[in-house]
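Here's the structure we're looking at; comments come further down.
Numbering (this note's numbering), first residue to last: 156 to 572.
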């Protein structure tokens, strides 16, 4: 089996390496020449347990090679980004360009699988017509959509063990895609049409986005009421049919903050609730920025210590992170920032992060927790108290022990409490 994977990012590279480990001859393709060279040298930028070991094994055994151009294969997997345009519509350029790249290498009965998140009916309305324009009839090849549903930090584990949805435009496409993924997927594989598969991915992330928006609204209401909304959510979730998410500084990542817009684009009149949830979550970083600004002005403060660039705890992923919006807001307001994220710093050296906890808090007027890294819970703020100019902590994740810190002379503001 020969597999060609286009896009060597968070999803494409691990997927390519899993196929290689399972015995396929794999060509990984990316337009980033520097990335391709690093991968062939067995170097990676993605910090995931087991990923580097997979790469070393695949390259050494000549099961995998990265390149800037595709090659002939039995199956082509498209795992490129699908960002949104400035007008909040889906940018399918990367997907269509990837398909255009493989057209010269397609042969009859090849299988194309799109893993990239796409708009509803994209395969019917965009992909198949695009192929036909380039001389490829749908009867000549097989096409399926199998959206990824993995969590950064657990990519390998979840690629193997998570259930998977595969949608095909005909039964033969479904059968061939199922046979391919069974090479390494241990989770249950569900089959359906391409349109349903497209919608399933969008629904999963939209559900989470709406739930987070609800939690963020509850946080605002909790603050107005003067109650601890985190405790209220915990108690509400004791109900057997309630599962409210936690509030925070905003929504990040390349899925939850992006995918709902794909539905809104196609069905603006039918997606009022989804649109409102996106508006609430998009405005949350501004609300947090304004809260920090208000606190700083009350203390005549100038220096803010930001803890966390990543959009989620224990991950180095900063894509669409609300931290970036909050940092941009504070910089625009003229505050001096010290940004500390030891998890991100392991793989990213050009973001201007400080190198240590002590450097981050020295002479700071306010510490702001934006990411719930476990390592932040272990920091000794009591020992570092003497380095701070003001003993103010804004905790947007309810991560720290507020009662302990308050008893020891800190002023702690927890969002939603």
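Beta carbons: idealized from backbone N, C-alpha and C, even for Gly.
In angstroms, rounded to a whole number, what distance separates the CA positions of residue 291 and residue 206? 36 Å
Spatially closest choice to residue 229 from 328, 221, 250, 273, by CA coordinates: 328
Could you give the distance in angstroms between the alpha-carbon of residue 242 and the alpha-carbon of residue 337? 39 Å
Have a look at 540, 377, 162, 467 and flag the residue whose alpha-carbon is nearest the alpha-carbon of residue 572. 377
Does the distance from the CB of residue 246 to the CB of residue 238 come in under 9 Å? yes
Helix, strand or coil for residue 157 per DSSP? strand
Could I get the ranges of all uninterrupted alpha helix (DSSP H) runs contained in the stretch 523 to 553, with 4 residues as the minimum, in chain order? 529 to 532, 536 to 539
How about residue 323 and residue 353: do their beta carbons lie closer than 9 Å? no
Restricting to Cα atoms, I'd like to know which of 487, 510, 486 is closest to residue 497. 510
Determine the closest residue to residue 631 out of 518, 554, 468, with distance taken between C-alpha atoms. The displayed coordinates of the chain run from 156 to 572. Any statement about residue 631 would go beyond what the structure contains.
Considering just the uninterrupted stretch of the beta strand (DSSP E) at residue 345, what are its terminal residues? 344 to 348
Endpoints, the beta strand (DSSP E) within which residue 386 is located: Where residue 386 is concerned, there is no enclosing beta strand (DSSP E), although the alpha helix (DSSP H) it sits in stretches over 384 to 391.
Let me know if residue 371 comes out buried or exposed under the rule of 16 or more other beta-carbons within 10 Å of its beta-carbon. buried
Below 8 Å on the Cβ atoms is my contact criterion, and I expect residue 481 with residue 525 to pass it. Report the Cβ-Cβ distance as a whole number of Å. 7 Å
Close Cβ partners of residue 268 (< 6 Å) along its chain, the five nearest in sequence each way excluded: 232, 299, 301, 332
Taking residue 356 as the reference, which of 274, 540, 562, 191 has the closest Cα? 274
Using the three-state DSSP reduction, which class does residue 183 fall into: helix, strand or coil? strand
Rounded to the nearest angstrom, how far is the Cβ of residue 411 from that of residue 474, given a contact under 8 Å? Not a contact, Cβ separation roughly 11 Å.
Pair every Cβ in the stretch 549 to 563 with every Cβ in the stretch 527 to 540, then say whether three or more of these pairs are closer than 8 Å. yes
So residue 404 packs on residue 443, CB below 8 Å; how close in whole Å? 5 Å
Taking the alpha carbon of residue 343 as the reference point, which residue from 366, 330, 319, 326 has its own alpha carbon closest? 319
Pair within 9 Å by beta-carbon distance, residue 210 and residue 184: no
If you drop the 5 nearest sequence neighbours on each side, which residues of the same chain put their C-beta closer than 7 Å to that of residue 313? 305, 306
In or out: residue 559 buried (at least 16 other Cβ within 10 Å) or exposed? exposed
Which partner residues of residue 456 appear in the DSSP bridge assignment? Per DSSP, none; premise fails for residue 456.
Where residue 300 falls: helix, strand or coil (DSSP): strand
Could you check whether residue 462 and residue 523 sit closer than 9 Å to each other, using their CB atoms as the reference points? yes
Measure the alpha-carbon distance for residue 234 versus residue 161 and round it to whole angstroms. 6 Å
Going by DSSP, what residue range makes up the alpha helix (DSSP H) through residue 570? Neither: residue 570 is in no alpha helix (DSSP H) and is coded neither H nor E.
Best match in 281, 437, 201 for proximity to residue 255 [C-alpha to C-alpha]: 281
Flag this pair as touching only if the stretch 390 to 402 and the stretch 420 to 436 have three or more C-beta atom pairs under 8 Å; answer yes or no. no
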